[in-house]
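Under our numbering, the sequence shown has 10 at position 9, and the numbering climbs by one with no breaks.
Where is the CB? At the ideal position from N, CA and C, for every residue including glycine.
Single-structure report; data block below.
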Amino acid sequence: MDAPCPYRIGQSVVYKPSSKGWAYEQHSVEPWKLMLGNTYVVKEILDNNYVVVEGPEHPGGGMHWTEFVAAEI
2 MDAPCPYRIG
12 QSVVYKPSSK
22 GWAYEQHSVE
32 PWKLMLGNTY
42 VVKEILDNNY
52 VVVEGPEHPG
62 GGMHWTEFVA
72 AEI
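Rendered as structure tokens:
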């Protein structure tokens with residue numbers, strides 16, 4: 002079972018997808034518009050696993066939390 006999302010709403014995270022996640026996004030019909038390495042703010046957490054960030058809306062409603070890392074403060 003997956004660990005629950007360690008992030009909280011309002012926290013800054015950096016989009017650093019896994020190779021599998023990056024490949025999936027590049028080949029999807031409507032790729033997400035997040036930029037690799039950019040920092041985003043968590044707007045919502047769905048099912049304790051999926052992160053929705055402020056800005057571009059993911060067509061699937063969010064990305065698995067493992068596709069992000071906590072931003073350095």
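When DSSP labels each residue in this structure, what does residue i get in the three-state scheme?
i: Ser20; result: helix
i: Glu45; result: strand
Distance, Cα to Cα, residue i vs residue j?
i: Lys17; j: Pro7; result: 15 Å
i: Ala72; j: Pro57; result: 18 Å
i: His65; j: Arg9; result: 14 Å
With distances taken between CB atoms, is the gap from residue i to residue j smaller than 8 Å?
i: Ser20; j: Thr67; result: no
i: Val53; j: Leu47; result: yes
i: Val70; j: Tyr41; result: no
Nearest CA to the CA of residue i: which residue from the options?
i: Asn38; options: Trp23, Gly11, Pro5 and Ala4; result: Per the sequence shown, the amino acid found at residue 38 is Gly instead of Asn. Here the closest residue by C-alpha is Trp23.
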